[in-house]
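Right, one structure below, let's go through it.
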Amino acid sequence: MNTKIITLLFFVVIIQFNNSVSAQDAYQFGGLPSLNLNVELKNDWSLNTKIESRQLFQTRELNGNVDKNYDYVLTDFSLVAAKRVGLNSRIAGGYLIRFEDGELFHRFIQQYIIVQKLSGFRLAHRFLSDQTFSEIEKPEFRMRYRITTEIPLNGLSVDQGEFYVKINNEYVNSLQANAYDLEIRLVPLLGYDMADNFKIETGLDYRVDSFLNNKTRHSYWMVLNFFIEM
Numbered sequence: 067m068n069t070k071i072i073t074l075l076f077f078v079v080i081i082q083f084n085n086s087v088s089a090q091d092a093y094q095f096g097g098l099p100s101l102n103l104n105v106e107l108k109n110d111w112s113l114n115t116k117i118e119s120r121q122l123f124q125t126r127e128l129n130g131n132v133d134k135n136y137d138y139v140l141t142d143f144s145l146v147a148a149k150r151v152g153l154n155s156r157i158a159g160g161y162l163i164r165f166e167d168g169e170l171f172h173r174f175i176q177q178y179i180i181v182q183k184l185s186g187f188r189l190a191h192r193f194l195s196d197q198t199f200s201e202i203e204k205p206e207f208r209m210r211y212r213i214t215t216e217i218p219l220n221g222l223s224v225d226q227g228e229f230y231v232k233i234n235n236e237y238v239n240s241l242q243a244n245a246y247d248l249e250i251r252l253v254p255l256l257g258y259d260m261a262d263n264f265k266i267e268t269g270l271d272y273r274v275d276s277f278l279n280n281k282t283r284h285s286y287w288m289v290l291n292f293f294i295e296m
């Protein structure tokens, strides 16, 4: 049943990609690899360091022009410290710096996470706010909610040498220069626990935004995530 769920989600994203290609909506398609380093500290503290890049393989604008040239878009470096405040909850804060087109973007992050371990799967809720500043754009303020389901494909928990399914669904509210936008994300992933301290995940990151002002844009990112625990 679990494999059927992930297969169905991949088909949904692929069908949506085909629909946006054949329709007149703008879209972009590319890669989104990342490396995550998680360090457990004393007194229920933890530290996450992440590097992520974004690369474009193909885009289409609202006017119908298609660009198939490769473009290295940006690189993100982030550092987030978290503190366990309950049996299943954490508060966290951090900083992200983005390198894009020779410019620097600074983002400050605050988040609250609740994790529920249920029968046969794990459910996580993340409430996040962030503020982004740069010299070339107006400040952007976002409120985000993400729900994540992690389902082992063998047994009731994910053990070493086993596969699992992770499904993210996120809603990103953005306010910039008095303009509001909503972005919706759906990310089905297949993960593999290679060792006690190393996991790898791959899948598709589908995003849709600008539909509130009839300028719908679809984004499709091939995801490859590496996680190292220390």
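Numbers 67 to 296, taken from the numbering used here, label the letters of the sequence shown in order.
Backbone N, C-alpha and C fix where the C-beta goes; we use that ideal spot for every residue, glycine too.
Here the structure is a predicted model, which is why all the values come from computation and not from measurement.
How many angstroms separate the CA atom of Met67 from the CA atom of Lys204? Unreliable placement is indicated for Met67, whose pLDDT of 45 sits below 50; the coordinate value is still reported in the next sentence. Rounded to the nearest angstrom, the two C-alpha atoms are 47 Å apart.
Which residues mark the beginning and the end of the beta strand (DSSP E) in which Val224 is found? Segment: none, Val224 is in no beta strand (DSSP E) and carries neither H nor E.
So what does DSSP say about Met67, is it helix, strand or coil? Residue placement at Met67 is poorly supported in this model, since its pLDDT is 45, which falls under 50; the coordinates still yield a value, given next. Coil, per DSSP.
Straight-line gap, Asn220 to Val139 (C-alpha atoms, nearest Å): 38 Å
Which partner residues does Lys204 have in the DSSP bridge list? Looking at the DSSP assignment, Lys204 forms no beta bridge with any residue, so it has no partner.
Just to confirm, is the Cβ distance from Thr141 to Glu166 under 9 Å? Yes. Within cutoff.
Report the rounded CA-to-CA distance for Ser214 versus Asn279, giving the unit in angstroms. The question names Ser, but residue 214 is Thr in the sequence shown. About 28 Å.
Could you tell me the distance, in whole angstroms, from the CA atom of Leu290 to the CA atom of Lys232? 13 Å
Pull up the DSSP beta-bridge partners for Asp318, would you. The requested residue 318 is not part of the displayed model; the chain covers only 67 to 296.
Which runs of the beta strand (DSSP E) at least 3 residues long sit entirely within the stretch 130–178? Give them in chain order. Every beta strand (DSSP E) of 3 residues or more that sits fully in the stretch 130–178 is shown, in chain order, as 137–150, 155–166.
Can you give the Cα-Cα distance for Tyr136 and Glu201, rounded to whole angstroms? Rounded to whole angstroms, Tyr136 to Glu201 spans 26 Å at the Cα level.
Can you check whether the CB of Arg212 is closer than 9 Å to the CB of Leu241? Going by C-beta atoms, Leu241 is not nearer than 9 Å to Arg212.
In angstroms with no decimal places, state the Cα-to-Cα distance between Ala45 and Gly130. Since the displayed the chain opens at 67 and closes at 296, residue 45 lies outside it and no answer follows.
Pairwise C-alpha distance: Asp133 and Thr125: When rounded, the distance between both Cα atoms is 5 Å.
Given this structure, state the Cα-to-Cα distance separating Asn104 from Phe292, to the nearest angstrom. 11 Å
Thinking C-beta only, is Pro218 closer than 9 Å to Phe187? yes
Does the CB of Val105 have a neighbour CB from chain D at under 9 Å? Here chain D cannot be found, since the structure has a single protein chain.
Is Leu122 helix, strand or coil when you go by DSSP? Strand, per DSSP.
How should Asn51 be labelled, buried or exposed, when 16 other C-beta atoms within 10 angstroms of its C-beta is the threshold for buried? Residue coverage of the chain in this structure runs from 67 to 296, which leaves residue 51 outside it and unanswerable.
Could you tell me the alpha carbon to alpha carbon distance between Gly96 and His172, rounded to whole angstroms? 23 Å
Measure the Cβ-Cβ separation of Met296 and Glu118 and say whether it is below 9 Å. no
On the CB-based measure, 16 or more other CB atoms within 10 Å of its CB, does Tyr93 come out buried or exposed? Classification of Tyr93: buried, given that the 10 Å Cβ count is 16 or more.
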